[in-house]
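Residue numbers (the UniProt record's numbering): 1 to 122. C-beta atoms are modelled at their ideal positions from N, C-alpha and C, and glycine is treated no differently. Here the structure is a predicted model, which is why all the values come from computation and not from measurement. Structure first, then comments.
Here it is, written out as structure tokens:
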């Protein structure tokens, strides 16, 4: 058993005679400890980030786990795209027709340019 004498500067004021020192000793035994603490508290975020989707739909797969660190641009959820694909196929021909009509309308509304070949005074 090792015995150490530990005192602070405050203790020096009480020690008048270096031959006699009051010592408090306790016997220490090794034992297992549980490295956990039970406490009540609130877990808060460091930076708040709002996650929004560009479209609505049914989530078919969750690619990120709760509490896992993710990077910008990483896919977190997979949304069922069947409804979106059907909408796209339905709208695609209409888009082509409207595009051609607008191109034709732009062509018909272009103002003719007049180029003066000689100088004139009005």
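Look at the beta carbons and you see the segment 75-82 touching the segment 56-64: at least three pairs across the two are nearer than 8 Å.
For residue 60, the secondary structure class from DSSP, reduced to helix, strand or coil, is strand. By the CB criterion at 9 Å, residue 74 and residue 90 fall outside the cutoff.
Looking at the DSSP output, residue 78 bridges to 61. When rounded, the separation of the alpha-carbon atoms in residue 31 and residue 42 is 32 Å.
Residue 84 carries a helical assignment under DSSP once its states are collapsed to helix, strand and coil.
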